[in-house]
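FYI, UniProt numbering numbers position 25 of the sequence shown as 25, with every residue one higher than the one before it.
Notes to accompany the following structure.
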Amino acid sequence: MPQLPITNPFETAQLFGYAAFGLGVACFAQTDDRRFKIFMALECLSYALHFSLLGQPTAVASSLVSLSRSVAAIRSRSPWVAGFFIALSLGLGAWLQTGWQSLLPIAASCIGTTALFFLKGMQMRLLMLVGTLLWLANNLIVGSIGGSLLEATIAATNIMTLLRLQRRTA
Numbered sequence: 001m002p003q004l005p006i007t008n009p010f011e012t013a014q015l016f017g018y019a020a021f022g023l024g025v026a027c028f029a030q031t032d033d034r035r036f037k038i039f040m041a042l043e044c045l046s047y048a049l050h051f052s053l054l055g056q057p058t059a060v061a062s063s064l065v066s067l068s069r070s071v072a073a074i075r076s077r078s079p080w081v082a083g084f085f086i087a088l089s090l091g092l093g094a095w096l097q098t099g100w101q102s103l104l105p106i107a108a109s110c111i112g113t114t115a116l117f118f119l120k121g122m123q124m125r126l127l128m129l130v131g132t133l134l135w136l137a138n139n140l141i142v143g144s145i146g147g148s149l150l151e152a153t154i155a156a157t158n159i160m161t162l163l164r165l166q167r168r169t170a
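Following this line, the structure appears as structure tokens:
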């Protein structure tokens with residue numbers, strides 16, 4: 001297992017990670033798909049700043065693509081728009097990748113795009129859970145304190161929201 005970088009928990013990079021943490025928890029607590037996408041866009045902006053300061057270019061690119069994708073998904077469910085964001089994620093990933101670990105955010109972005117454009121409700125959140133687990137692995141590897149807390153909490157929050165949605169349909 002790779003050794004995690006030692007970081008100051010109060011450095012600027014980590015503070016943006018904590019902001020993403022709060023926004024991400026608020027995002028996955030939403031049962032309304034529109035509010036979910038708005039909070040996700042704000043989380044992605046904080047994440048982009050966080051990963052920029054941590055020197056993680058594929059995570060920055062993935063966060064910015066995810067930000068744009070979340071905004072676009074509020075107004076469109078077009079497969080062409082989804083295809084654009086998946087192609088953009090893959091292209092940026094191929095250009096910026098520095099090893100297998102740097103591909104984790106790109107895979108998460110492609111999975112998130114598929115979820116936001118082609119799925120709704122429980123199915124959307126289930127696929128987003130897969131992306132969350134990929135982000136968690138990435139964040140543990142790069143030493144993102146707020147990001148690791150965020151993804152672990154998002155996974156738990158998302159599971160609780162899925163259970164609430166399941167109870168509604170039962």
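All C-beta atoms in this analysis are idealised placements derived from N, C-alpha and C, irrespective of residue type, glycine included.
With respect to 7 Å, is the separation between the Cβ of residue 90 and the closest non-hydrogen atom of the ligand HEM below this value?
The model depicted lacks the ligand HEM and carries no ligand whatsoever.
Which residue comes first and which comes last in the alpha helix (DSSP H) that contains residue 16?
Counting along the chain, the alpha helix (DSSP H) containing residue 16 begins and ends at 12 to 28.
Please confirm whether residue 178 and residue 135 have their CB atoms less than 8 Å apart.
There is no way to answer for residue 178, as the model of the chain reaches only from 1 to 170.
Here's the rule: buried if 16 or more other CB atoms are within 10 angstroms of the residue's CB, otherwise exposed. What is residue 62?
Burial call: buried.
Return yes when the Cβ of residue 102 is within less than 8 Å of the Cβ of residue 65, no when it is not.
In this structure, residue 102 does not lie closer than 8 Å to residue 65 by Cβ.
Buried or exposed for residue 78, please, with buried defined as at least 16 other CB atoms from any protein chain shown within 10 angstroms of its CB.
Exposed, by the Cβ-count rule.
Would DSSP call residue 120 helix, strand or coil?
In the structure shown, residue 120 sits in coil (DSSP, three-state: anything other than H, G, I, E or B).
By Cβ distance, which residues of its chain are closer than 6 Å to residue 154, with the 5 residues on each side in sequence left out?
Taken in chain order, the residues that qualify are 24, 28 and 132.
If you reduce the DSSP assignment to three classes, tell me which class residue 56 lands in.
Residue 56: coil per DSSP, three-state reduction.
Excluding the 5 residues flanking residue 51 on each side, which residues of the same chain have their C-beta closer than 7 Å to its C-beta?
Excluding sequence neighbours, residue 51 sits near 59, 60 and 63.
Within a Cβ cutoff of 7 Å, which residues of the same chain sit near residue 43, ignoring the five residues on either side of it in sequence?
The answer, listed in chain order, is 20, 23, 24 and 27.
For the alpha helix (DSSP H) containing residue 102, list its first residue and its last residue.
Element bounds for residue 102: n/a, residue is neither H nor E.
If I measure Cβ to Cβ from residue 104 and keep anything under 6 Å in the same chain, skipping five residues before and after, which residues do I get?
So the qualifying residues of the chain are 134, 137 and 138.
Answer yes or no: do residue 106 and residue 127 have a C-beta to C-beta separation smaller than 8 Å?
No; because the gap between Cβ atoms is not below 8 Å, this pair is not in contact.
With residue 158 as the anchor, note down where its alpha helix (DSSP H) starts and where it stops.
145 to 169 is the span of the alpha helix (DSSP H), which, as asked, contains residue 158.
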